[in-house]
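Structure record follows, encoded as structure tokens.
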Amino acid sequence: MNLPRTAMTYLVAMVAGGIAATITLAPALTQTSRASTFDPESAFVGTWTATKPNESIPFLTLKLRESGGKLIGTISHFKIGVVGTGRIIGSQVMAAESPVSDLTVSAGEVGFAWSGDPPLHGGHVKFLVQGTKVAYLLIPVSIEEMKKIMSDSPGASGFIPIIWMRRNPEAGNGNEHESSVEKWEITTEASLINAAEFQYRFANGIYVDYSTLLRSGQLQNTGARQFTLVPKNLQSATDPLPGYLLRLMVSPDGSSYQFSIQEKTSADCAAGVFSDETGVIFDGRTLGCSGKWRTD
770 MNLPRTAMTY
780 LVAMVAGGIA
790 ATITLAPALT
800 QTSRASTFDP
810 ESAFVGTWTA
820 TKPNESIPFL
830 TLKLRESGGK
840 LIGTISHFKI
850 GVVGTGRIIG
860 SQVMAAESPV
870 SDLTVSAGEV
880 GFAWSGDPPL
890 HGGHVKFLVQ
900 GTKVAYLLIP
910 VSIEEMKKIM
920 SDSPGASGFI
930 PIIWMRRNPE
940 AGNGNEHESS
950 VEKWEITTEA
960 SLINAAEFQY
970 RFANGIYVDY
980 STLLRSGQLQ
990 NTGARQFTLV
1000 PKNLQSATDP
1010 LPGYLLRLMV
1020 SPDGSSYQFS
1030 IQEKTSADCA
1040 AGVFSDETGV
1050 IFDGRTLGCS
1060 GKWRTD
């Protein structure tokens, strides 16, 4: 594996979470140019947590708030581990939360200096938001640190320096789980749209339709900065994913959006992914059908 001195590999198929269910989208709404009231920094404010699969107690907590017109925060300590093809997990460390320092906000991203727990030595961390509920932490990892982490995680076959985080859910909303969709192009496109929408709104105050994301260059810029691979037909406004139908609908005031990506098929059963401004991605198919995406 050829890696740079600091491994800043980005996740290829970034799936924020989902449920196997049939989703009903609201009717399409005509967008107007009237911008909604939006405080960019408030999009980061809150308690963000990372948990192991099928666990509810977080191993990492990031708290961000505004004070005197600036964003400040604290982060908890954890012992890092890796499972599967590279997913980072952790174990809680009983220590006081540490303040984040040198915090900056730009282009829909938060950056800060973080003193990591061994074997991580810290560095400049990026916190990237993909919606009102979903974000991820990109941590700098040296070759030596990665080797140590991998040796301590014998069951892992890879390493991805990304920690998925969720804004603390409201009561009764804890049933979402990771998507089972297997087509990386589809889930990557869904994550790319969410990230691009967040960053466009951060700069302009509103969400916009797909053609505007494409025409403004936001979709390409987000893809180049946050993803190692993007769908090959990304430049097409009418057919970005051949074989699939993309519908993106924005509310009249630009304060919310919904989209779906579904297979084009003459069969009654068609798989699809669905998402909105929360950044949560759902997968499902027609009611009464079963199974996952076709792999042919």
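So the sequence shown is numbered by this note's numbering: it starts at 770 and just counts up by one. Even glycine gets a Cβ: it sits at the ideal position worked out from N, Cα and C.
Contacts around Trp-883, its chain only, beta-carbon distance under 6 Å, and the 5 residues preceding and following it disregarded: Here residue 883 refers to the residue found at position 114 when the sequence shown is read from its first residue. Cβ neighbours of Trp-883 beyond the five flanking positions: Gly-891 and Val-894.
For Lys-902, write down the residues that DSSP places opposite it in a beta bridge. Locating residue 902 in the sequence shown gives position 133, counting from the first residue. Answer is none; Lys-902 lacks a bridge partner.
Margin query: Given 7 Å as the limit, tell me if Gly-842 has its C-beta closer than that to any heavy atom belonging to the ligand GDP.
Written below: Ligands displayed in this structure: none; no statement on the ligand GDP is therefore possible.
**Asked** Among Ser-1024, Ser-825, Pro-1011 and Arg-935, which has the Cα closest to the Cα of Val-903?
**Response** What you label residue 903 is simply residue 134 of the sequence shown in a count that begins at 1. Nearest option by C-alpha distance: Arg-935.
When you compare the CB of Lys-832 with every CB in chain B, is at least one pair closer than 8 Å? The structure shown contains no chain B; it is built from a single protein chain.
Beta strand (DSSP E) containing Ile-857: first to last residue?
What you label residue 857 is simply residue 88 of the sequence shown in a count that begins at 1. Per DSSP, Ile-857 belongs to the beta strand (DSSP E) from 856-861.
Q. So does the region 922-932 actually touch the region 846-862, counting three or more Cβ pairs closer than 8 Å?
A. yes
Per DSSP, what kind of secondary structure is Val-784 in: helix, strand or coil?
Counting from one through the sequence shown, the residue named residue 784 turns up at place 15. Its pLDDT being 34, under 50, Val-784 is placed unreliably by the model, and the measurement read from it follows with that caveat. The DSSP-derived three-state label of Val-784 is coil.
Exercise. Verify whether the separation of the beta carbon atoms of Leu-1014 and Tyr-979 is less than 8 Å.
Key: For the purposes of this step, residue 1014 is taken as the residue at position 245 of the sequence shown. For the purposes of this step, residue 979 is taken as the residue at position 210 of the sequence shown. Taking 8 Å as the Cβ cut-off, Leu-1014 and Tyr-979 do not qualify as a contacting pair.
Selection from Tyr-1026, Glu-824, Ser-1005 and Ala-865 that minimises the alpha carbon distance to Ala-964 | In the sequence shown, residue 964 corresponds to position 195, counting from 1. When each option's Cα is compared against that of Ala-964, the closest is Tyr-1026.
Going by DSSP, which residues form a beta bridge with Tyr-1026? Translated into positions along the sequence shown, residue 1026 becomes position 257. DSSP lists Val-1019 as partners of Tyr-1026.
request  = Can you say whether Glu-866 is buried or exposed, counting buried as having 16 or more other CB atoms within 10 angstroms of its CB?
outcome  = As a working mapping, residue 866 is identified with position 97 in the sequence shown. Exposed.
**Q.** CA nearest to the CA of Gly-1048, picked from Leu-988, Gln-995 and Phe-967
**A.** Numbered from its first residue, the sequence shown carries residue 1048 at position 279. Answer by Cα proximity: Phe-967.
Going straight from the alpha carbon of Leu-897 to that of Val-869, what length do you get? Residue numbering aside, residue 897 sits at position 128 when the sequence shown is read from its first letter. Residue numbering aside, residue 869 sits at position 100 when the sequence shown is read from its first letter. Approximately 15 Å, taken between the alpha carbons.
Q. Of the choices Val-862, Val-879 and Pro-887, whose alpha-carbon is the least far from that of Lys-832?
A. Mapped onto the sequence shown, residue 832 falls at position 63. Minimum Cα distance to Lys-832 is reached at Val-879.
Exposed or buried, what is Ser-845 when buried is set at 16 or more other beta-carbons lying within 10 Å of its beta-carbon? Residue mapping note: residue 845 aligns to position 76 of the sequence shown, counting from 1. Classification for Ser-845: buried.
Margin query: Buried or exposed, going by whether 16 or more other CB atoms sit within 10 Å of the CB of Val-910?
Written below: Taking the first residue of the sequence shown as position 1, residue 910 is located at position 141. When all chains shown are included, Val-910 counts as buried.
Terminal residues of the continuous beta strand (DSSP E) containing Ser-836?
To locate residue 836, count along the sequence shown from 1; it is residue 67. From DSSP, the beta strand (DSSP E) with Ser-836 extends over 829-836.
Delimiting residues of the alpha helix (DSSP H) encompassing Leu-889: By one-based count along the sequence shown, residue 889 stands at place 120. Neither: Leu-889 is in no alpha helix (DSSP H) and is coded neither H nor E.
Query - Ordered list of alpha helix (DSSP H) runs contained in the region 964-995, each at least 4 residues - result: 979-984 and 987-995
Take the Cβ of Glu-914 as the centre, count every other Cβ of all protein chains shown within 10 Å, and call the residue buried at 16 or more, exposed below.
-> For this step, residue 914 is matched to residue 145 along the sequence shown. Its Cβ being crowded by 16 or more others within 10 Å, Glu-914 is buried.
Three-state secondary structure (DSSP) at Ala-1040?
In the sequence shown, counting from the first residue as 1, residue 1040 sits at position 271. Reduced to three states, the DSSP call for Ala-1040 is strand.
How is Lys-1033 classed by DSSP in three states: helix, strand or coil?
Taking the first residue of the sequence shown as 1, we reach residue 1033 at position 264. In the structure shown, Lys-1033 sits in coil (DSSP, three-state: anything other than H, G, I, E or B).
request  = Consult DSSP for Thr-820 and reduce its assignment to one of helix, strand or coil.
outcome  = Reading the sequence shown from its first residue, position 51 is the one you call residue 820. Correct three-state label for Thr-820: coil.
message: Tell me the rounded alpha-carbon separation between Lys-916 and Val-862.
response: One-based indexing of the sequence shown puts residue 916 at position 147. One-based indexing of the sequence shown puts residue 862 at position 93. Distance between the alpha carbons of Lys-916 and Val-862 is about 22 Å.
Exercise for the section: Using three-state DSSP, classify Leu-961 as helix, strand or coil. Expected result: Residue mapping note: residue 961 aligns to position 192 of the sequence shown, counting from 1. Leu-961 falls in the helix class under three-state DSSP.
Would you give the residue range spanned by the beta strand (DSSP E) that Ile-912 belongs to? Within the sequence shown, residue 912 is the residue found at index 143, counting from 1. Per DSSP, Ile-912 belongs to no beta strand (DSSP E); it is in the alpha helix (DSSP H), 912-920.
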